[in-house]
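Going down the list, the sequences are from chains Z and C. So for the first sequence, our numbering puts the first residue at 103; every next one is plus one. So for the second sequence, our numbering puts the first residue at 103; every next one is plus one. Using N, Cα and C, we set each Cβ at its ideal position, and we do this for glycine too. As the structure is a prediction and not an experimental result, all values here were calculated from the model. A short worksheet on the structure shown next.
Number of protein chains: 2
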Amino acid sequence: MAKPNTPITEHLAYLLAQANREINRQLELRLSKEGVPVEQWRILKVLSDGDGHSMGELADAVLLNHPTLTKMIDRMVSDTLVYRVQDPNDRRKVLMFISDRGKVLSKKLNSLAVDQEEHILESYGDKSTSELKRLLESLIDSSN
Amino acid sequence: MAKPNTPITEHLAYLLAQANREINRQLELRLSKEGVPVEQWRILKVLSDGDGHSMGELADAVLLNHPTLTKMIDRMVSDTLVYRVQDPNDRRKVLMFISDRGKVLSKKLNSLAVDQEEHILESYGDKSTSELKRLLESLIDSSN
DNA sequence: TTGAAAATATTGAATATTCAAGAATTGAAG
DNA sequence: CTTCAATTCTTGAATATTCAATATTTTCAA
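In structure tokens, the structure reads:
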């Protein structure tokens, strides 16, 4: 008797990748109205607290590797969305700040992202959404 | 009074990306024992039903764009893990099959992937895991 | 039956990401 | 103090991914 061997669609790793791909695709579509990739939305959102964030901190927060972040920030500096300041307390570090132009863009992007969340809430339900968020947070916690 | 503006960590899109990144990283680490990227595990797993799968079908199943899949399959053909056969019923299509060598590798990879699932089950819990899977499936459903 | 449109897969050029190495600064042990 | 290891960020080369265009085959309407 042949072993039925779990189909890939039952692996948590696969379901996460699939869900992430789909939701990300939808978000991408909305943000493309402003011609901005999802990662830049994340960067602007994190920086919009107005504080300076080091590159390392940012890389963690926005789920990008260091060199990838450096190069994306280069582009955003060219677009004058953010700027670099050397950290006076530790000159190895660079502190990133959001510019005024960045803040304006960030607001537009946020409302596009909120639109999406609301769209999900409608089709997927309030209860499922908050339960899913809770479980994801706890999965992330348990992975550290 | 300043609007507190949802932190990025509360967005479903972000939580999914974060959880996916973490779980994927762990899986990657295990599969690296066999020197194989996660996508190749997916491909081998899907093909291991022994049937022929067209490139389009495969691309959907393994969450890759067409050209990316084509190039990855080129490598796997070089490694004699899979092979192409022209679909006799529709000669636009190419049917992909897993080779014997591919089957052997696939088995090893599966056991590494199952190890991971079990590790998650332990640290995260049986109940949470199955509930999370259920919610993810239903999110994916509701997105079509 | 013919010819235009659709479906499928691949290719090549443009872009983006990653890996490994490097430069600058700090920390800390001797 | 001095020196060596660790931390932080960037760079350049190697890889990988994506976009747009192409080739082939099928479908289907006229």
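Original post:
At which residues does the alpha helix (DSSP H) containing residue 145 of chain C begin and terminate?
Top reply: Looking at the DSSP string, the run of the alpha helix (DSSP H) that includes residue 145 of chain C is 140-149.
Original post:
For residue 116 of chain C, which residues does DSSP report across the bridge?
Top reply: According to DSSP, which records beta bridges pairwise, residue 116 of chain C is partnered with nothing at all.
Subject >> C-alpha distance - residue 202 of chain C paired with residue 186 of chain C, whole-angstrom precision >> reply: Cα atoms of residue 202 of chain C and residue 186 of chain C: separation of roughly 14 angstroms, rounded to the nearest angstrom.
Subject >> Neighbourhood of residue 126 of chain Z by C-beta distance below 7 angstroms, restricted to the same chain and skipping five residues each side >> reply: Result list for residue 126 of chain Z: 140, in chain order.
Original post:
Using DSSP with H/G/I as helix, E/B as strand and the rest coil, what is residue 201 of chain Z?
Top reply: DSSP places residue 201 of chain Z in the coil class of the three-state scheme, outside both helix and strand.
**OP:** Mind checking which residues open and close the alpha helix (DSSP H) that includes residue 236 of chain Z?
**Re:** Residues 228-244.
Original post:
Hey, would you say residue 234 of chain C sits closer than 9 angstroms to residue 131 of chain Z, going by beta carbons?
Top reply: No, these two residues do not count as a Cβ contact at 9 angstroms.
Original post:
Which term fits residue 144 of chain Z, buried or exposed, when burial requires 16 or more other beta carbons within 10 angstroms of its beta carbon?
Top reply: That one is buried.
Original post:
If you draw a straight line from the alpha carbon of residue 219 of chain C to that of residue 232 of chain Z, how long is it in whole angstroms?
Top reply: Straight-line Cα distance between these residues: approximately 24 angstroms.
**OP:** Kindly confirm or deny that the segment 186-201 of chain C and the segment 155-174 of chain C touch, where touching means at least three C-beta pairs closer than 8 angstroms.
**Re:** A contact exists between the segment 186-201 of chain C and the segment 155-174 of chain C.
Original post:
Three-state secondary structure (DSSP) at residue 177 of chain C?
Top reply: Residue 177 of chain C: helix per DSSP, three-state reduction.
**OP:** If I'm right that residue 136 of chain Z touches residue 223 of chain Z with Cβ under 8 angstroms, what's the distance once you round it to whole angstroms?
**Re:** The pair is not a contact, with the Cβ atoms about 22 angstroms apart (cut-off 8 angstroms).
Original post:
Which residues in chain Z sit within 8 angstroms of residue 215 of chain C, going by Cβ to Cβ distance?
Top reply: Simply 113, 115.
Original post:
Which stretch, first to last residue, makes up the alpha helix (DSSP H) that contains residue 158 of chain Z?
Top reply: Where residue 158 of chain Z is concerned, the enclosing alpha helix (DSSP H) stretches over 157-164.
Original post:
For the candidate residues Z:184, Z:189, Z:229, Z:227, whose alpha-carbon lies nearest to that of residue 207 of chain Z?
Top reply: For the set Z:184, Z:189, Z:229, Z:227, the Cα lying nearest the Cα of residue 207 of chain Z is the one of Z:184.
Original post:
Taking all protein chains shown into account, do 16 or more other C-beta atoms lie within 10 angstroms of the C-beta of residue 113 of chain C, making it buried, or fewer, making it exposed?
Top reply: Residue 113 of chain C should be labelled buried.
**OP:** On the DSSP bridge assignment, give the partners of residue 186 of chain C in chain order.
**Re:** Residue 186 of chain C pairs with C:198.
Original post:
Going by beta carbon distance, what residues of the same chain come within less than 8 angstroms of residue 172 of chain Z, once the five residues before and after it are set aside?
Top reply: Cβ within range, chain order: 157.
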